[in-house]
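Residue numbers for the sequence shown follow UniProt numbering, so the first one is 1 and each next one is one higher. Report on the structure given below.
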Amino acid sequence: MKRLILTYNQSCNLNCKFCYIDFHHKKIEDKTISIVEQAIQLGFDIITFGGGDSFSKRDFREACKIAHQNHLFTHVDTNTLSINESDFKFIEENIDLLGVSIDAIGDYYNLFRDSHRLFQKLNHTLQQLEKYNIEIKVNTILTAQNINSIPDIFEYISTFKNIKRWSIYQFSPLSSAKKFEDIYKISDSDFEQTLKFVNTSNTDLIIEKNRYANRVDGYIFCDEEGNLYTNNINGKYLPLGSIFNEEDIKNVFSKNILINPKIKKRYT
Numbered sequence: 001m002k003r004l005i006l007t008y009n010q011s012c013n014l015n016c017k018f019c020y021i022d023f024h025h026k027k028i029e030d031k032t033i034s035i036v037e038q039a040i041q042l043g044f045d046i047i048t049f050g051g052g053d054s055f056s057k058r059d060f061r062e063a064c065k066i067a068h069q070n071h072l073f074t075h076v077d078t079n080t081l082s083i084n085e086s087d088f089k090f091i092e093e094n095i096d097l098l099g100v101s102i103d104a105i106g107d108y109y110n111l112f113r114d115s116h117r118l119f120q121k122l123n124h125t126l127q128q129l130e131k132y133n134i135e136i137k138v139n140t141i142l143t144a145q146n147i148n149s150i151p152d153i154f155e156y157i158s159t160f161k162n163i164k165r166w167s168i169y170q171f172s173p174l175s176s177a178k179k180f181e182d183i184y185k186i187s188d189s190d191f192e193q194t195l196k197f198v199n200t201s202n203t204d205l206i207i208e209k210n211r212y213a214n215r216v217d218g219y220i221f222c223d224e225e226g227n228l229y230t231n232n233i234n235g236k237y238l239p240l241g242s243i244f245n246e247e248d249i250k251n252v253f254s255k256n257i258l259i260n261p262k263i264k265k266r267y268t
């Protein structure tokens, strides 16, 4: 089982200080479609479109169609800002799992992500998606700043029948996020204590509690130019070559030590 995480590193339509992606804002050649075609040739089973909001990228929708038509399990993460009314049917037909970000509820979410009316757009999108056969997972970054929002998020997402999975991630002091570590860092004990209630909650949700230390190794990323990289416990990104270079691919994906076993069968 091979999973490729395609991360848009050029830009994002939000500017969240706790985000671990260091957007470079340089002019580039977006090779998203070629990367998906390469992933198909290399026998990948799962592709995740993440990073800067996928729906804001020019070639994303076509690349997503190609991935789905060629039987890759297609997972897309989004903050929902760039989802249009015409995208709801597109999502139903081409995306196996839609991940949406929810780190707080109401106006506090807008403040947390420094975006006017973001929660209102998110809420409208989720309400519309209930009309379609779409499986949704919620992504929550748990930090010292939204530690009290977890019960409210749980109550909110429990009202949607098509939200099947809740992935809660401990703040990751990677790359650009390290500059704000003092503000957002949450200890392992506080992370576990905050999430204790989910162990006894009466719910059919699949709830994933993702500690930073358990996620830092074995995730292979590819940016929209085809550059492969991973990260380490010290908060640095490590280059691994190019998805278009056969030797680099062989070195990266033939060594199980580089692939986190927890993600191999995550969505199967």
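Every residue gets a Cβ at the ideal spot worked out from N, C-alpha and C, and that includes glycine.
Exposure of N231, with buried meaning 16 or more beta-carbon neighbours within 10 Å: Locating residue 231 in the sequence shown gives position 231, where the first residue counts as 1. N231 is buried by the Cβ-count criterion.
Reference S56; option with closest CA among G241, F171 and S82: Along the sequence shown, one-based indexing puts residue 56 at 56. Relative to the Cα of S56, the nearest Cα in the group G241, F171 and S82 belongs to S82.
Span separating the alpha-carbon of K65 from that of P151: The residue labelled residue 65 in the question sits at position 65 within the sequence shown. The residue labelled residue 151 in the question sits at position 151 within the sequence shown. Cα to Cα, the separation comes out at about 36 Å.
In DSSP terms, what S167 is bridged to: Position 167 of the sequence shown, counting from 1, holds the residue named residue 167. For S167, the pairing in a beta bridge is given by DSSP as N139 and E208.
Selection from Q127, E130, H68 and N148 that minimises the alpha carbon distance to I105: Position 105 of the sequence shown holds residue 105. The residue with the shortest Cα to Cα distance from I105 is N148.
Spatial neighbours of N162 in its chain, beta-carbon cut-off 7 Å, leaving aside the 5 residues before and after: Looking up residue 162 in the sequence shown gives position 162. Cβ within range, chain order: L129, E130, I134, E135 and I136.
Distance, D223 Cα to K27 Cα: Walking along the sequence shown from the start, residue 27 turns up at place 27. Walking along the sequence shown from the start, residue 223 turns up at place 223. Taking the Cα positions, K27 is about 14 Å away from D223.
Contact under 9 Å by Cβ, Q69 with F112: Along the sequence shown, one-based indexing puts residue 69 at 69. Along the sequence shown, one-based indexing puts residue 112 at 112. No, the pair does not count as a contact, with Cβ atoms beyond the cut-off.
CB of V36 within 9 Å of CB of L72, strictly: Along the sequence shown, one-based indexing puts residue 36 at 36. Along the sequence shown, one-based indexing puts residue 72 at 72. Going by beta carbons, V36 and L72 fall inside the 9 Å limit.
DSSP three-state assignment for T125, whether helix, strand or coil: Walking along the sequence shown from the start, residue 125 turns up at place 125. Three-state DSSP puts T125 in a helix.
With 16 other Cβ atoms within 10 Å as the buried cut-off, status of R117: As a position in the sequence shown, residue 117 is number 117, starting the count at 1. By the 10 Å Cβ count, R117 comes out exposed.
Pairwise C-alpha distance: D107 and F119: Locating residue 119 in the sequence shown gives position 119, counting from the first residue. Locating residue 107 in the sequence shown gives position 107, counting from the first residue. Annotation: F119 to D107 spans about 7 Å, alpha carbon to alpha carbon.
Contacting residues, own chain, Cβ-Cβ under 6 Å from H75 (five flanking each side not counted): Within the sequence shown, numbered from 1, the residue matching residue 75 stands at position 75. Here the set comprises T48 and L97.
Boundaries (first-last residue) of the beta strand (DSSP E) holding D77: Stepping through the sequence shown from its first residue, residue 77 is reached at position 77. F73 to T78 is the span of the beta strand (DSSP E), which, as asked, contains D77.
I252 to L240 span [Cα, whole Å]: If you number the sequence shown from 1, residue 252 lands on position 252. If you number the sequence shown from 1, residue 240 lands on position 240. What sits at residue 252 in the sequence shown is Val, not Ile. Rounded to whole angstroms, V252 to L240 spans 7 Å at the Cα level.
Three-state class that DSSP yields for S86 in the structure shown: For this step, residue 86 is matched to residue 86 along the sequence shown. Residue state, collapsed to three classes: coil.
DSSP bridge partner residues for G241 (one or two, in chain order): Residue numbering aside, residue 241 sits at position 241 when the sequence shown is read from its first letter. Bridge partners of G241: L228.
Classification of R3 by the beta-carbon crowding that lies within 10 angstroms, buried from 16 upward: Counting from one through the sequence shown, the residue named residue 3 turns up at place 3. So R3 counts as buried.
Segment limits, alpha helix (DSSP H) that includes I66: Residue numbering aside, residue 66 sits at position 66 when the sequence shown is read from its first letter. For I66, the enclosing alpha helix (DSSP H) has its first and last residue at F60 to Q69.
For T48, three-class secondary structure by DSSP: What you label residue 48 is simply residue 48 of the sequence shown in a count that begins at 1. For T48, the three-state secondary structure derived from DSSP is strand.
L118, DSSP secondary structure in three states: As a position in the sequence shown, residue 118 is number 118, starting the count at 1. L118: helix per DSSP, three-state reduction.
Member of N84, G52, F154 and S34 whose CA lies at the smallest distance from the CA of N199: Walking along the sequence shown from the start, residue 199 turns up at place 199. Of N84, G52, F154 and S34, the residue nearest in Cα terms is F154.
heavy atom of the ligand ATP below 8 Å from L126 C-beta: The ligand ATP is not part of the structure shown, which contains no ligands of any sort.
Counted within 10 angstroms of its Cβ, other Cβ atoms place I5 as buried (16 or more) or exposed: Numbered from its first residue, the sequence shown carries residue 5 at position 5. With at least 16 other beta carbons inside 10 angstroms of its own, I5 counts as buried.
Proximity below 9 Å, CB of H175 to CB of Y20: Stepping through the sequence shown from its first residue, residue 175 is reached at position 175. Stepping through the sequence shown from its first residue, residue 20 is reached at position 20. The identity of residue 175 in the sequence shown is Ser, whereas the question assumes His. With respect to the 9 Å criterion, S175 and Y20 are classified as neighbours on the basis of their beta carbons.
D87 versus G226: straight-line alpha-carbon distance, rounded: Residue mapping note: residue 87 aligns to position 87 of the sequence shown, counting from 1. Residue mapping note: residue 226 aligns to position 226 of the sequence shown, counting from 1. If I take the Cα positions, the gap works out to 26 Å.
Residue interval of the alpha helix (DSSP H) (run including Y108): Start at 1 with the first residue of the sequence shown, and residue 108 comes out as number 108. Going by DSSP, Y108 is part of the alpha helix (DSSP H) stretching over D107 to F112.
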